[in-house]
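As structure tokens, the structure follows; a few thoughts come after it.
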Amino acid sequence: MKLSRDWIASYVDLPSSVEEVADRLTAAGHAVEGIEEVPGVESPSSESTDWVLDIDITTNRPDCMNHFGMARELSVLFDRPLELPPADFDPSGDEAAEDVVSIHIDAPDLCHRFAARVVRGVKIGPSPNWLQRRLEAIGLRPINNVVDITNFVLWELGQPLHAYDLAKLQGATVRAREARAGETLTTLDGEKRKLEAGMLVIADAEEAIGLGGVMGGLDSEVTEETVDVLLEGAFFDPVSVRRTSGALGMHTDASHRFERGADIGMPPRAVDRAAALVAGLAGGTVLPGAIDVFPNRPESQVIDLHLRRLNRFAGVELAAEDVERWLTGLGFDLEAFPSDDDLAAWRVTVPTWRRRDVELPADLYEEVVRVYGYDNIPATLPAIHGADGHTSDAHRRGWALRRRLAACGFNEAITFAFHGAEEDALLPGLLAEHPALELANPLSELYRVMRRSLLPNLLASARFNQRRGAAAVQLFEIGHVFARAQHSDGADGEEPIVEFETVALVAGGEVGGPWDRSRELDFFDLKGVVEQLSVDVEQSLEARPAQLSGLAPGTTAELWAGDRRAGYLGLVLGDDDVYPLFAAELRTDLLAARPQPIIEVPSRFPGVRADLTLTHSVDIPWADLAAAIRAAAPEHLVDFGLQDRYQGEGVPDGAVNTTIYFLYSSVEGTLTQEEVNERQGGLAQELERRFSWKG
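Here the sequence shown is numbered in the working numbering, starting from 23 and rising by one per residue.
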């Protein structure tokens, strides 16, 4: 939000250095993102200079979205007096304002307060130069003196105002009511808008003349023929304004403030300020009588503040007189009361412009500390009392997976928990048989569904690195996947959600370096990493050939833990113009480690190795062979593994030669060759019987 330094300085004396002002505001929570030099008020020439501060004012501080509100902050930060804008005028005339126009609030839950003044005999014309310069400095276009005054007061005090041509109000009546279904209104921008029932409108005796808190109507606007003006300032419900502006696609300076919660105490003061300016700059006469319809006045908001607790929170010893001075300067009313200790305590009444922001003692602590200066608080480690919380099995499992994957050369990535519907269908996922869970209000079409797999977003990260010259990518992510259950048992037709944690991996590219032979990562590298993840599981994972969408046939396998599908891995189809990517995804709950490791003392006698080459169908996976060996393992067989697979000359079509090594060892003594041959012969016969090639 852009605010003029010179405009702020008309209420509080500021340092000559605009950079000093910007630094102090930033340190107090109002980040100044830019400073722009513009012509000053006295002359548009370069002889008079002003500076416009581009300030990031957070949504919880609508009280600072104006020049006087920011001046109040600076008066406390620099400990200088604050001057309230004058609102002095001499009412005159034989009639009172309430006799000229009647104000009614028919929707008190949407319009909480309505204040107004009547000014007769105005002369519409250009604003004086100083007023035009003030508005132009912050990017506003001057229109005429009365409209410019309403804009000036908005940016001065933060209270949106509206000026009506009194002669155009049917029945000399103004009502704040709900719109009727199908009702229309042509707003000041010339657009005819169809209203919805429940929207708040300002209406005369016959029709709507404005959208409450958003924009006025064209039919009652102030023009060159206007003589009598009704100045209006109100407080509108923030939720109502937000819904109306959103439904109609309108965002104005007024709605921006009302949506965030304007000051319910400001309307009478702002209307008086505008009436004084209209009387002085447009030659009008303010009628006696201030109209202020306020059906439900809220109670004062009071918070007890103890200096002892404040000091403990801040970590410094603050003086009571400083706390009083700072909070009083910010508009809080402090009344001291006795406390249980020797330090001060106050009963603090929150000003109306901070009711939505300050509700707890901690909010007052923040006010004091930011004025004191965060940089003035020494850095200390917080004291943490009590024992550590219990670490869950899932938490321990996650950290074990992270350590193991880091040891394998992988880097952790964290991606969004949602993606587009097209990306969701690219890869099989462990929830592919379940319907996708669509978001009711997605950020965009790119984030319409909750992820059923971690891989689409992880692959996007890998390709991002790939296309920017990364020689290799090795990424992993641990997170939850979501879907709807296939059969709903929920109440009112609501489908229950299926959710569990998975770990996903993506690898590809060239690894190695000056001290090692470089090579391309392939399917078996990723398979080896997956096997590392399952080293400690009670039942080792089995890889079974599979055909899955998004993965290349012949280099795709499903991973099974007994009769449960634990995951899959394979070569990703498609975008491999740089280098191919291999991906895997596994359920982490099927990677549960044994609670107690089993340690076996190795034999002190040498082992004996035996090899077996088995000719079998190429469709038989290694997992089936390994399972059969474990089931028929003879005595003293301590290890076995895949030595080689060969297809080619001498091997029948559709078959493969698999060479398996076996290691025999005994803790009682060295085995003889005859003993090994006897054991190996029985095992070989069993494997030949079950798997030998039959052409």
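C-beta: ideal position from N, C-alpha, C; glycine also. Remember, it's a predicted structure, so these values are computed and weren't measured experimentally.
Review point. Taking C-beta to C-beta, are Asp-72 and Asp-28 nearer than 7 Å?
Key: Yes, these two residues count as a Cβ contact at 7 Å.
Review point. When we look at the beta-carbon of Gln-707 and count the other beta-carbons within 10 Å, is it buried (16 or more) or exposed?
Key: With fewer than 16 other Cβ atoms within 10 Å, it is exposed.
Exercise for review: Grab me the residues of Val-689's own chain with a C-beta within less than 6 Å of its C-beta, minus the 5 sequence neighbours each way, in chain order.
Suggested key: Hits under 6 Å: Ser-625.
Check your understanding: What is the rounded straight-line gap between the Cα of Val-141 and the Cα of Asp-241?
Key -> The alpha-carbon atoms of Val-141 and Asp-241 are separated by roughly 19 Å.
Practice item. Since I believe Leu-104 is in contact with Tyr-33 (beta carbons under 8 Å), could you give me their beta-carbon distance rounded to a whole number of angstroms? Key: Rounded to the nearest angstrom, the Cβ distance from Tyr-33 to Leu-104 is 6 Å, consistent with a contact under 8 Å.
Point to revise | Three-state class that DSSP yields for Pro-404 in the structure shown | key: The answer is coil: DSSP assigns Pro-404 none of H, G, I, E or B.
Review point. In angstroms, rounded to a whole number, what distance separates the CA positions of Leu-252 and Lys-216?
Key: About 26 Å.
Practice item. Name the residue from Ile-682, Pro-148, Asp-666, Pro-674 whose alpha carbon lies nearest to the alpha carbon of Ala-648. Key: Looking at the Cα atoms, Ile-682 is the closest of the given residues.
Check your understanding: Would you say the stretch 405-419 touches the stretch 364-375, given that touching needs at least three Cβ pairs under 8 Å?
Key -> By the Cβ test, the stretch 405-419 is not in contact with the stretch 364-375, since fewer than three Cβ pairs between them sit closer than 8 Å.
Review point. Given Leu-459, which residues of its chain have a CB within under 7 Å of its CB, disregarding the five upstream and five downstream residues?
Key: In the same chain as Leu-459, and ignoring 5 residues on each side of it, the C-beta atoms closer than 7 Å to its own belong to Val-471, Met-472, Phe-504, Ala-505, Arg-506, Ile-519, in chain order.
**Study point:** For Trp-715, three-class secondary structure by DSSP
**Key:** In this structure, Trp-715 counts as coil in the three-state DSSP scheme.
Check your understanding: With DSSP run on the structure shown, which of helix, strand or coil describes Ser-26?
Key -> Note: Ser-26 maps to strand in three-state DSSP.
Check your understanding: Can you list, in chain order, the residues of its chain whose CB lies under 6 Å from that of Trp-152, leaving out five sequence neighbours each side?
Key -> Non-local C-beta neighbours of Trp-152 in its own chain, meaning closer than 6 Å and more than five positions away in sequence, comprise Val-63, ordered along the chain.
**Study point:** Backbone secondary structure at Tyr-394 - three-state DSSP
**Key:** In this structure, DSSP gives Tyr-394 a helical state, which the three-state scheme calls helix.
Practice item. Let me know the secondary structure DSSP gives Lys-216 once reduced to three states. Key: For Lys-216, the secondary structure class from DSSP, reduced to helix, strand or coil, is strand.
Point to revise | Cβ-based neighbour list, Thr-206, same chain, cut-off 7 Å, excluding 5 preceding and 5 following | key: For Thr-206, where only same-chain residues beyond five positions count, the Cβ hits under 7 Å are Lys-214, Arg-215, Lys-216, Leu-217.
**Study point:** Residues near Ser-149 by beta carbon distance below 6 Å, same chain, minus five either side
**Key:** The answer, listed in chain order, is Pro-164, Asn-167, Asp-170.
Point to revise | Supposed contact pair Arg-376 and Phe-257 - C-beta distance, whole angstroms, cut 8 Å | key: Between Phe-257 and Arg-376 the beta-carbon gap is near 15 Å, outside 8 Å, which marks them as no contact.
Review point. If you check the beta carbons only, do Val-315 and Ala-297 fall under 7 Å apart?
Key: The answer is no: Cβ separation not under 7 Å.
Review point. Taking Cβ positions only, does Gln-569 come closer than 7 Å to chain D?
Key: No chain D appears in this structure, which consists of one protein chain only.
Review point. Name the DSSP bridge partner or partners of Gln-496?
Key: BP columns for Gln-496 point to Ala-529.
Check your understanding: First and last residue of the beta strand (DSSP E) that includes Arg-139?
Key -> 133-142 is the span of the beta strand (DSSP E), which, as asked, contains Arg-139.
Point to revise | Distance between Glu-696 and Gly-629 (C-alpha atoms, nearest Å) | key: So the alpha carbons of these two residues sit roughly 14 Å apart.
Check your understanding: Are the CB atoms of Arg-426 and Gln-554 nearer to each other than 7 Å?
Key -> Against a cut-off of 7 Å, the Cβ pair of Gln-554 and Arg-426 comes out as a contact.
Point to revise | Within 7 Å, strictly: CB atoms of Ser-572 and Leu-581 | key: Here residue 572 is Gly; the residue named in the question, Ser, does not match the sequence. Their beta carbons are not under 7 Å apart, which means Gly-572 does not touch Leu-581 by this criterion.
Practice item. Under 8 Å Cβ to Cβ from Phe-545, same chain only, skipping five residues before and after it: list those, please. Key: Excluding residues within five positions, the ones whose Cβ falls inside 8 Å are Thr-577, Leu-591, Gly-592, Leu-593, Phe-604.
Review point. Is the stretch 461-468 touching the stretch 484-499, taking contact as three or more C-beta pairs under 8 Å?
Key: Verdict: no, contact absent.
**Study point:** Where Tyr-469 falls: helix, strand or coil (DSSP)
**Key:** Tyr-469: helix per DSSP, three-state reduction.
Review point. Once you ignore the five residues that flank Lys-145 on each side, which residues in its own chain have a CB closer than 7 Å to its CB?
Key: Closer than 7 Å at Cβ, skipping near neighbours: Ala-304, Gly-305.
Review point. Would you say Leu-449 and Ser-475 are within 7 Å of each other, going by their C-beta atoms?
Key: Contact check for Leu-449 against Ser-475 passes: the beta carbons are separated by less than 7 Å.
**Study point:** Whole-angstrom distance between Pro-383 and Asp-9, CA atom to CA atom
**Key:** A query on residue 9 cannot be resolved here, the shown segment of the chain reaching from 23 to 717 and no further.
Check your understanding: According to the Cβ coordinates, are Asp-226 and Thr-195 closer than 7 Å?
Key -> Contact flag set, yes.
Check your understanding: According to DSSP, is Phe-100 helix, strand or coil?
Key -> Per DSSP, reduced to three states, the secondary structure at Phe-100 is coil, with no helix or strand assignment.
**Study point:** Residue from Phe-90, Glu-445, Arg-392, Leu-693 with nearest C-alpha to Ala-50
**Key:** Proximity to Ala-50 across Phe-90, Glu-445, Arg-392, Leu-693 peaks at Arg-392, based on C-alpha coordinates.
Point to revise | Beta carbon of Ile-313 nearer than 7 Å to that of Glu-120 | key: Taking a C-beta distance under 7 Å as the contact criterion, Ile-313 and Glu-120 qualify as a contact pair.
Check your understanding: For Ser-68, which residues of its own chain have a beta-carbon under 8 Å away from its beta-carbon, when the five flanking residues on both sides are left out?
Key -> Residue placement at Ser-68 is flagged as unreliable, the pLDDT there being 48, under the threshold of 50; a coordinate-derived value is accordingly withheld.
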